[in-house]
Amino acid sequence: MKIIAHRDIMEMQISPSQCFDWVDYILRNKHSMKLPPKISMKMEGEIFYNTMPSILPKESIAGVKVVSRYPSRMPALDSQILLYNLDTGEQKAVLDGNFITTMRTGAVAVHAIQLLAVKNFQEIGVIGVGNTMRAAMKVLLTRYPDKKMRIKIKKYKKQHLDFIEAFSGYPNVEFVVCEDYKEVIDGSDVILSAVTYAEEDFCEDKYFKEGCLVVPIHTRGFTNCDLFFDKVFADDRGHVQNFKYFNKFKSFAEISDVLEGTAKGRENDEERILAYNIGISLHDIYFAEQIYQLAKIQGKGTECSLEAPKDKFWI
Numbered sequence: 356m357k358i359i360a361h362r363d364i365m366e367m368q369i370s371p372s373q374c375f376d377w378v379d380y381i382l383r384n385k386h387s388m389k390l391p392p393k394i395s396m397k398m399e400g401e402i403f404y405n406t407m408p409s410i411l412p413k414e415s416i417a418g419v420k421v422v423s424r425y426p427s428r429m430p431a432l433d434s435q436i437l438l439y440n441l442d443t444g445e446q447k448a449v450l451d452g453n454f455i456t457t458m459r460t461g462a463v464a465v466h467a468i469q470l471l472a473v474k475n476f477q478e479i480g481v482i483g484v485g486n487t488m489r490a491a492m493k494v495l496l497t498r499y500p501d502k503k504m505r506i507k508i509k510k511y512k513k514q515h516l517d518f519i520e521a522f523s524g525y526p527n528v529e530f531v532v533c534e535d536y537k538e539v540i541d542g543s544d545v546i547l548s549a550v551t552y553a554e555e556d557f558c559e560d561k562y563f564k565e566g567c568l569v570v571p572i573h574t575r576g577f578t579n580c581d582l583f584f585d586k587v588f589a590d591d592r593g594h595v596q597n598f599k600y601f602n603k604f605k606s607f608a609e610i611s612d613v614l615e616g617t618a619k620g621r622e623n624d625e626e627r628i629l630a631y632n633i634g635i636s637l638h639d640i641y642f643a644e645q646i647y648q649l650a651k652i653q654g655k656g657t658e659c660s661l662e663a664p665k666d667k668f669w670i
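Next up, the structure:
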């Protein structure tokens with residue numbers, strides 16, 4: 356069994372383009388895989404533990420991701436992934452899950468943009484400029500290297516300045532700093548939000564232009580959109596079917612349904628669309644398998660054994 360640490364994964368220099376391809380593969384094959392509901396244990400103070408199992412029969416792998424959140428911890432969100440050989444039950448690896456979580460989340464957001472945004476989108480509103488949004492921006496600029504884009508960023512402490520500096524080398528991108536959420540959302544073709552907490556919705560219905568796509572990476576701040584947007588999509592029905600307004604969605608389908616052709620995505624440039632890609636562990640386990648294979652090739656990770664005796668097992 357390999358222990359693959361965060362440093363090992365970072366040294367592999369996995370490209371944003373590769374992350375997009377891995378995300379796309381899972382979304383196109385999701386219905387052939389097993390994804391039971393995650394178990395979420397919540398405590399006071401916005402602390403939680405989520406356990407997320409999944410099985411990928413065709414790839415002969417299974418796995419479990421464990422995510423915890425402690426607001427006072429750095430990072431607040433932390434995760435580990437257990438990877439198994441589905442044919443033998445052998446534990447193949449334990450991996451740090453933070454790079455995987457961040458990059459697959461960012462890649463899924465960009466996948467939604469490519470699939471559901473108006474084709475001529477140019478103005479993108481950005482709320483929350485932490486690691487997840489940086490991942491999304493890396494993937495976005497990889498997918499659209501020549502597209503002129505105007506990125507409107509919600510001002511937050513000095514993080515927006517660091518974000519702009521990180522992507523200042525891209526000549527096709529113009530950055531605009533906004534003082535409030537209304538300014539970010541008003542007129543934007545795409546609204547990306549990666550904030551993990553919001554006490555109320557960001558702004559009134561009237562600020563969402565016709566044809567806009569909203570991608571709330573962590574679901575917060577857009578419950579009013581549930582009621583008047585033309586279509587709502589999600590990575591998994593189970594993630595949203597307990598939402599307060601789920602039964603009031605005008606239209607709902609999974610992203611995988613659109614990719615398989617059993618549901619329609621965007622049909623015109625006037626539809627307002629909401630894409631709740633909350634995160635499925637199928638992505639995490641598939642990423643873990645690909646990274647495990649890279650680790651074997653590149654000699655990364657630490658070998659260890661947790662095996663019980665194979666002849667007799669007495670306590």
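Residue 356 is where the sequence shown starts when you use our numbering, and the numbers rise one by one after that. Just so it is clear, CB atoms sit at the ideal spot from N, CA and C, and this is done for glycine as well.
- CA-to-CA, the gap between V494 and A643 works out to about 19 Å.
- By the Cβ test, the segment 646-662 is not in contact with the segment 460-480, since fewer than three Cβ pairs between them sit closer than 8 Å.
- Boundaries of the alpha helix (DSSP H) around N579: 578-583.
- With fewer than 16 neighbouring CB atoms inside 10 Å of its own CB, Y600 falls in the exposed class.
- Looking at R498, V463, K513, D639, the one whose alpha-carbon comes closest to that of E534 is K513.
- Secondary structure remark: continuous beta strand (DSSP E) runs of at least 3 residues inside the segment 602-655, in chain order: 607-609, 628-631.
- With at least 16 other beta carbons inside 10 angstroms of its own, S611 counts as buried.
- Per DSSP, S409 is one residue of the beta strand (DSSP E) stretching across 402-411.
- Beta-bridge partners of T657 (DSSP): I358.
- By the Cβ criterion, the segment 631-646 is in contact with the segment 371-387, since at least three pairs of Cβ atoms, one from each stretch, lie closer than 8 Å.
- Proximity to K503 across G480, F476, K509 peaks at F476, based on C-alpha coordinates.
- Here Y439 is buried. Its C-beta has 16 or more other C-beta atoms within 10 Å.
- Considering only M492, R621, Q653, G616, the residue with the shortest C-alpha distance to H386 is G616.
- The beta carbons of F604 and D581 sit closer together than 9 Å.
- R424 has F403, L432 as its beta-bridge partners, per DSSP.
- A Cβ-Cβ separation of about 6 Å places I572 in contact with T487 under the 8 Å criterion.
- Pairwise C-beta distances place the segment 545-562 in contact with the segment 574-588, as three or more of them are shorter than 8 Å.
- In the DSSP assignment, D451 forms a beta bridge with Q435.
- Put simply, of V419, I479, N597, L629 the residue whose alpha carbon is nearest the alpha carbon of E529 is I479.
- Rounded to whole angstroms, the Cβ separation of L547 and A464 is 6 Å, and the two are in contact under 8 Å.
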